[in-house]
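K.L.:
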Amino acid sequence: MIRDARVLRAGFIPQEVEHRDHEVNHLSSVLKPITSGEPADTAVVTGPSGTGKTCVSQFVTERLREEALNVEATYVNCWRNHTRFRTLYQILDDIGKTIDIHRQSTPHDELIDRLQQYDESRTVVILDEADQLEDPSVIYDLHSLPQFAVICIANKEEELFSQVDDRLVSRLRSSEHVRMDKYHDDQLYDILRARVRWGLEQDAVTDDQLYCIADAAAGDARLAIGILRTAAGKADRENSERITDTMLQDAAGDARAQIRQKSLDSLTPHQREVYEIIREQGALGPAEIHDLYTKRVDEPRTKRTIRTYLSKMAQYNLLEAEGTSRDRKYAVITSGTSPSTD
Ligand SMILES: Nc1ncnc2c1ncn2[C@@H]1O[C@H](COP(=O)(O)OP(=O)(O)O)[C@@H](O)[C@H]1O
Ligand SMILES: [Mg+2]
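103 is the number that our numbering gives to position 70 of the sequence shown; each next residue is one higher, with no gaps.
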């Protein structure tokens, strides 16, 4: 049944990226100068969840490292490392410059100095989920250092820009922008087919079943691969040579629940508080949410930041937005309800 489980894992970077030639070429051309030691422009990559932003960024970076000896890459998930300190620390750690840094007590300036002095190679820094940075000035810090080329990944451009100061907005607006849209069913089918080719016995799953998965995933490749992985896991445990339709149906619900749980686990303490308020109270508007939230936490974040939290949680199918932008309300999506497709 399973020939190579690695290709079904969430973080796997495929040998070939399907249907993203234009985006791959665009991003490569932005970063290309660093292969000859020249500074490269910052690239902004945006799109909904599961559209291949992380995958394409890592794929392109790996290709550049294949081409040139003196190119390195570091990856930071800014959701997990949402403070400026943690992001800078993570980058320095990747390039091996943290040995004598005592965490937290080291001033930011010193971290920046170290980055500034670093000249052993040109380095691509992938700032994934950059819209989750509490202090996005770290983008500016890196932007001004020629030995680093930055890929900034976010769901929506507005959310990224709403958090940064004007100086950085104008820089980012003039950066190269790679936009990714949700996949069509045919494209998801091809992505799934390629994974089956590497990962499973050829007749483990039929074309019709792959189209069913593509349909259920509604443009989201993470969900599509998650459903395939869950179904293949079930078949394997039951010593079945094929994925049955029943397994597939169960897998669709399970994969969705798993992804939702993973997103919930990614929430920062402040985001979690906002989520809990909505879970307890039912559908609420941003102003009501902010009022309740400020009563519950020390050092509450601004209204604007709370709005970005709400949007992020909606992007990750944790919350559902109802109504027009003027009287929008947010409600929790539970495992029973499937997210709306817009
Ligand atoms: N064009 C593609 N070709 C092959 N695999 C893809 C493609 N786009 C996405 N994937 C796979 O789908 C999953 C989700 O993609 P990811 O890059 O994590 O999405 P995003 O970062 O936009 O949320 C990953 O497992 C990734 O390898
Ligand atoms: Mg991603």
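Ideal placement from N, C-alpha and C gives every residue a C-beta, glycine not left out. For clarity, every value in this text was computed on a predicted model and none was experimentally measured.
Between which residues of its own chain and Y226 is the CB-CB distance below 7 Å, once the five residues before and five after are set aside?
P.N.:
Residue 226 sits at position 193 when you count from the first residue of the sequence shown. Strictly speaking, residue 226 in this sequence is Arg, with Tyr absent from that position. Cβ within range, chain order: L243.
K.L.:
Can you tell me whether A43 sits near ligand 1, meaning its C-beta is under 7 Å from at least one heavy atom of the ligand?
P.N.:
In the sequence shown, residue 43 corresponds to position 10, counting from 1. Flag set: Cβ of A43 near ligand 1.
K.L.:
Does the beta-carbon of D161, which I'm using as the reference point, lie nearer than 7 Å to any heavy atom of ligand 2?
P.N.:
Counting from 1 along the sequence shown, the entry for residue 161 is found at position 128. The answer is yes for D161.
K.L.:
Classify I132 as buried or exposed, calling it buried when 16 or more other Cβ atoms lie within 10 Å of its own Cβ.
P.N.:
One-based indexing of the sequence shown puts residue 132 at position 99. So I132 counts as exposed.
K.L.:
Using 8 Å as the threshold, is the C-beta distance between G232 and R36 below it?
P.N.:
As a first step, residue 232 is located in the sequence shown; it is residue number 199 there, counting from the start. As a first step, residue 36 is located in the sequence shown; it is residue number 3 there, counting from the start. Yes, the pair counts as a contact, with Cβ atoms nearer than the cut-off.
K.L.:
Between E51, N350, H303, which lies nearest to T327 when the distance is taken from Cα to Cα?
P.N.:
In the sequence shown, the residue the question calls residue 327 occupies position 294. Among E51, N350, H303, the Cα nearest to that of T327 belongs to H303.
K.L.:
Are there any heavy atoms of ligand 1 lying less than 7 Å away from the beta-carbon of A249, as far as the coordinates show?
P.N.:
The sequence position of residue 249 within the sequence shown is 216, counting from 1. Not so, every heavy atom of ligand 1 lies at least 7 Å from the Cβ.
K.L.:
Put F181 into one of helix, strand or coil per three-state DSSP.
P.N.:
Within the sequence shown, the letter at position 148 stands for residue 181. In the structure shown, F181 sits in a strand (DSSP, three-state: E or B).
K.L.:
Can you have a look at L102 and say buried or exposed, based on whether 16 or more other CB atoms are within 10 angstroms of its CB?
P.N.:
On the sequence shown, residue 102 is found 69 positions in, with the first residue counted as 1. Classification of L102: exposed, given that the 10 Å Cβ count is below 16.
K.L.:
If you follow the alpha helix (DSSP H) that L60 is part of, which residue opens it and which one closes it?
P.N.:
For this step, residue 60 is matched to residue 27 along the sequence shown. Looking at the DSSP string, the run of the alpha helix (DSSP H) that includes L60 is 54-64.
K.L.:
Would you say R275 touches ligand 1, meaning its beta carbon is less than 7 Å from a heavy atom?
P.N.:
Locating residue 275 in the sequence shown gives position 242, counting from the first residue. Incorrect: R275 has no Cβ contact closer than 7 Å to ligand 1.
K.L.:
Would you say the beta carbon of A120 comes nearer than 7 Å to a heavy atom of ligand 2?
P.N.:
Position 87 of the sequence shown holds residue 120. Here residue 120 turns out to be Thr, not Ala, going by the sequence shown. No, Cβ of T120 sits at least 7 Å from all heavy atoms of ligand 2.
K.L.:
Identify every run of the alpha helix (DSSP H) within the stretch 146-228, keeping only runs that are complete inside it and at least 4 residues long; order them along the chain.
P.N.:
Listed in chain order, they are 170-176, 190-196, 199-206.
K.L.:
Taking 7 Å as the cut-off, is the CB of E51 close to at least one heavy atom of ligand 1?
P.N.:
Sequence index remark: in the sequence shown, residue 51 carries index 18 (1-based). Under cutoff, so the answer is yes.
K.L.:
Measuring only the C-alpha atoms, how far is A347 from A316?
P.N.:
Counting from 1 along the sequence shown, the entry for residue 347 is found at position 314. Counting from 1 along the sequence shown, the entry for residue 316 is found at position 283. For A347 and A316, the distance between alpha carbons rounds to 13 Å.
K.L.:
Would Y216 pass as a contact of D161 if the rule is Cβ separation under 8 Å?
P.N.:
The residue given as residue 216 occupies position 183 in the sequence shown. The residue given as residue 161 occupies position 128 in the sequence shown. For Y216 and D161, no; Cβs fall outside 8 Å.
K.L.:
Under the assumption that V157 contacts T94 (Cβ atoms under 8 Å), give the Cβ distance between them as a whole number of angstroms.
P.N.:
Stepping through the sequence shown from its first residue, residue 157 is reached at position 124. Stepping through the sequence shown from its first residue, residue 94 is reached at position 61. Contact flag correct, Cβ pair sits at about 5 Å.
K.L.:
Quick check: what's the CA-CA separation for V202 versus E191?
P.N.:
Taking the first residue of the sequence shown as 1, we reach residue 202 at position 169. Taking the first residue of the sequence shown as 1, we reach residue 191 at position 158. For V202 and E191, the distance between alpha carbons rounds to 10 Å.
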